[in-house]
RNA sequence: GGUCGGUUCGUCUAGGGGUCUAGGACACCGCCCUUUCACGGCGGCGACACGGGUUCAAAUCCCGUACCGACUACCA
């Protein structure tokens with residue numbers, strides 16, 4: 190039997206980092222076992238679902254590289270099938286009409302109201318005391334025919350339990366007494382989540398449901414629906430959650446953009462790097478290898494490697510350097526400096542293009558120069574953005590000087606203001622503008638001035654690149670070329686800041 | 001409140017009765033390399049939540065406590 194899994198987000202916001210990981214695990218599992226990866230948009234909550242969210246989620250998935258193997262299913266298109274399933278259960282006596290008037294939502298938030306109610310009920314709640322549960326068929330039909338509104342609820346047996354063997358959490362059991370007669374169809378005849386999911390999963394031939402651990406309770410409810418429908422229950426694998434620092438839920442409301450996938454794309458992350466990082470959050474290949482290609486991830490991915498405890502996505506909103514998880518940043522940097530240059534070039538190009546720093550020559554006459562330059566500057570970069578920020582001076586005359594670098598590298602030696610333009614004069618006379626010769630020239634210059642090489646070159650770094658850090662200065666001189674080097678060394682701009 | 005689940009360095013994790021004076025990665029710190037640096041090399045700091053059992057032996061098995069989380073809807 191071919192394995193079929195699905196990722197089923199509801200379009201009520203952007204692609205959440207936790208959802209992205211769920212998608213990743215579904216994708217990896219499908220590929221590992223040679224199955225199909227499907228996508229279903231759960232847009233049955235018309236109030237909250239938006240097309241914009243759907244687009245954003247699709248964008249996020251596309252960026253990560255998870256293309257579904259079959260056409261995308263939109264759950265709202267299947268409402269008739271969901272309804273038919275509920276009606277079938279009603280006809281078979283496995284569900285009943287509940288004529289209790291619909292409760293109007295109170296003024297406080299729903300969640301809070303639910304918790305309060307649950308607290309009041311305490312441990313001795315009886316979930317089988319609905320007066321309509323055992324209404325005779327005649328009377329039920331009669332009242333329905335008379336136009337009285339009703340919801341359809343599943344008739345859960347008095348005694349017994351649901352149980353399933355979770356691929357991650359192991360045996361899960363839940364007494365029927367803990368599960369209410371769940372509503373299948375609202376009084377406006379629209380289907381509810383649990384019904385819709387089960388009917389769609391059956392329809393799509395889903396064999397393995399891989400989703401967040403927050404769905405474990407739903408799984409018990411869904412199993413009841415599968416059984417009532419007389420359908421085979423799929424395998425389940427629940428994933429630990431990704432939490433915010435402090436162990437709290439990672440939410441859009443509190444944590445903002447940090448939880449959105451598009452944030453990472455826009456911040457200059459490589460999809461491959463972020464995917465790799467995400468894979469290691471809640472799953473382990475059980476080897477010491479951490480940098481893994483997609484093929485390697487697919488090869489080593491198993492549900493057994495997923496653990497049960499929630500992971501914390503670490504970041505500090507007050508620290509600019511740690512705006513997101515350290516390890517994610519490190520991994521992105523690692524990818525940037527170690528990936529094959531030819532794979533990095535297109536990303537660098539796109540980054541420069543979107544900042545109007547790209548010149549067509551980089552694809553033609555200056556192709557070799559461009560590639561060498563990218564290779565040179567990538568070493569200390571963290572994100573693709575660095576090509577247009579820190580690396581800007583390599584591609585444009587219009588760049589900023591880092592104030593910290595000015596203070597550190599220029600502030601210590603007042604003579605630099607005189608020496609650097611003098612160095613320009615010397616370099617202008619230098620015919621062989623390559624590394625080894627430049628080293629000689631600069632060395633001699635320093636000896637003549639009685640200063641250290643480091644003082645001079647680091648001062649030059651600020652004038653030439655605006656930065657305090659970067660690759661070997663001799664390589665920078667060679668890369669920038671005589672003309673730019675001399676011009677920038679003579680510039681008075683920085684001294685007047 | 002109830003049900004269910006979890007707890008190894010700050011974070012991600014390995015380890016599932018003896019090989020654990022608990023391994024790796026990120027972060028942090030130090031040293032080295034170098035003209036500087038956020039590259040690289042070497043090293044350091046740093047954890048089995050707590051209490052009882054079981055056992056010759058427990059991070060690993062059992063029980064309890066604490067803490068954390070999820071769920072508890074005519075939301076998804």
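In the numbering used here, the protein residues as written are 190 to 686.
Cβ atoms here follow ideal geometry from the backbone N, Cα and C, with glycine treated the same way.
Distance, residue 341 Cα to residue 318 Cα
15 Å
Please confirm whether residue 411 and residue 428 have their CB atoms less than 8 Å apart.
no
How big is the Cα-Cα spacing for residue 466 and residue 279?
47 Å
Can residue 546 and residue 577 be called in contact, C-beta distance under 8 Å?
Yes. Within cutoff.
Measure how close the beta-carbons of residue 423 and residue 404 come, nearest whole angstrom, since I'm counting them as under 8 Å.
That belief does not hold up - the Cβ atoms of residue 423 and residue 404 are roughly 13 Å apart, past 8 Å.
Where the beta strand (DSSP E) through residue 361 begins and ends
359 to 364
Reference residue 649; option with closest CA among 517, 419, 215, 594
594
Where residue 637 falls, given that 16 or more other Cβ within 10 Å makes a residue buried:
Counting every other CB atom within 10 Å of its CB across the protein chains shown gives residue 637 a total below 16, marking it as exposed.
Assign residue 679 to one of three DSSP states: helix, strand, or coil.
Per DSSP, reduced to three states, the secondary structure at residue 679 is helical.
Around the C-beta of residue 261, are 16 or more other C-beta atoms found within 10 angstroms, so that it is buried, or is it exposed?
exposed
Quick one: what's residue 505 bridged to in DSSP?
The partner list for residue 505 (beta bridge, DSSP) is empty, contrary to what the question assumes.
Taking only three categories from DSSP, how would you classify residue 374?
strand
Coil, strand or helix - residue 673 by DSSP:
helix
Contact the segment 388 to 396 vs the segment 360 to 374: 3+ CB pairs below 8 Å:
no
Tell me whether the segment 262 to 277 and the segment 463 to 482 touch, counting them as touching only if at least three CB pairs, one residue from each stretch, are closer than 8 Å.
no
Would residue 571 and residue 518 be called neighbours here (beta carbons separated by less than 8 Å)?
Yes, the pair counts as a contact, with Cβ atoms nearer than the cut-off.
Have a look at residue 683 and residue 505 and give me their C-alpha separation to the nearest angstrom.
33 Å
What is the DSSP secondary structure of residue 329, reduced to helix, strand or coil?
Correct three-state label for residue 329: helix.
Cβ-based burial, residue 205 [other Cβ within 10 Å; buried from 16]:
buried
Name the DSSP beta bridge partners of residue 566, please?
Answer is none; residue 566 lacks a bridge partner.
If we require 4 or more residues per run, which alpha helix (DSSP H) segments fall completely within the segment 527 to 566?
Counting whole runs of 4 or more residues, the segment 527 to 566 contains the alpha helix (DSSP H) stretches 530 to 542, 556 to 566.
Could you pull the DSSP bridge partners for residue 355 from this structure?
359, 425
8 Å Cβ cutoff met for residue 515 and residue 499
The answer is no: Cβ separation not under 8 Å.
So which of 460, 395, 513, 232 has the shortest CA-CA distance to residue 524?
For residue 524, the closest C-alpha among the options 460, 395, 513, 232 is that of 460.
Span of the alpha helix (DSSP H), counted from its first residue to its last, around residue 193:
For residue 193, there is no enclosing alpha helix (DSSP H); the residue is part of the beta strand (DSSP E) that begins and ends at 193 to 196.
Determine the closest residue to residue 685 out of 321, 244, 599, 415, with distance taken between C-alpha atoms.
599
Exposure of residue 409, with buried meaning 16 or more beta-carbon neighbours within 10 Å:
By the neighbour-count criterion, in which 16 or more other beta carbons inside 10 Å mark a residue as buried, residue 409 falls on the buried side.
Anyone know if the C-beta pair for residue 612 and residue 634 falls short of 8 Å?
yes
Buried versus exposed, by CB contacts within 10 Å (16 or more), residue 531:
exposed
Do the segment 443 to 460 and the segment 214 to 229 touch if we need at least three Cβ pairs shorter than 8 Å?
no
Work out the CA separation of residue 368 and residue 347 for me, nearest whole Å.
10 Å
For residue 473, the three-state DSSP class (helix, strand or coil)
coil
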